[in-house]
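Just remember that our numbering sits 51 ahead of the position in the sequence shown, which is counted from 1. Here a beta-carbon is modelled for each residue, glycine too, at the ideal position from N, C-alpha and C.
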Amino acid sequence: MVSLNLFLALAAILFCIGLYGVLTRRHLVIILVSIELMLNAVNINLVAFSSIGPFASITGQVFTMFVITVAAAEAAVGLAILIALYRNRSSIDVIKQDLLRW
């Protein structure tokens with residue numbers, strides 16, 4: 052049996068990689084993938100914590116399904132916005148997307 056600490060370490064590493072990608076990259080596709088990495092780190096934590104305790108429950112798995120659903124919707128909306136930005140601006144560089152700036 053794998054200990055809880057290994058799951059938490061894996062989730063922390065995934066979350067840090069995703070956070071690094073969101074904060075440092077300028078490509079919108081890479082940013083969306085990094086957000087997916089962070090959501091998967093949360094899923095690992097939810098499943099790991101639901102399996103511990105005297106009464107293991109499926110609450111973590113249910114929340115994980117909810118997070119996967121939200122991630123799929125986020126990816127669909129994000130890719131639609133990305134395609135619209137590329138059609139209008141011919142670039143998906145985050146720095147060049149200043150539509151909402153004053």
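Subject >> According to DSSP, residues forming a beta bridge with Ala-149 >> reply: Counting from 1 along the sequence shown, the entry for residue 149 is found at position 98. Note that residue 149 corresponds to Asp in the displayed sequence, not to Ala. None; Asp-149 has no bridge partner.
Subject >> Leu-90 beta carbon less than 9 angstroms from that of Val-113 >> reply: Taking the first residue of the sequence shown as 1, we reach residue 113 at position 62. Taking the first residue of the sequence shown as 1, we reach residue 90 at position 39. It is not a contact, given that the beta carbons lie outside the stated cut-off.
Original post:
Just checking, does the stretch 100–115 make contact with the stretch 135–149 on the three C-beta pairs under 8 angstroms criterion?
Top reply: Contact between the stretch 100–115 and the stretch 135–149 is absent, because fewer than three Cβ pairs lie under 8 angstroms.
Original post:
Between Ala-122 and the rest of its own chain, which residues show a CB-CB distance below 7 angstroms, the 5 nearest in sequence each way excluded?
Top reply: Within the sequence shown, residue 122 is the residue found at index 71, counting from 1. Residues of the same chain with a CB within less than 7 angstroms of the CB of Ala-122, apart from the 5 flanking positions on each side, are Glu-87, Leu-90 in chain order.
**OP:** Grab the span of the alpha helix (DSSP H) containing Ser-102 for me, first residue to last.
**Re:** The residue you call residue 102 lines up with position 51 of the sequence shown. No alpha helix (DSSP H) holds Ser-102; DSSP gives it neither H nor E.
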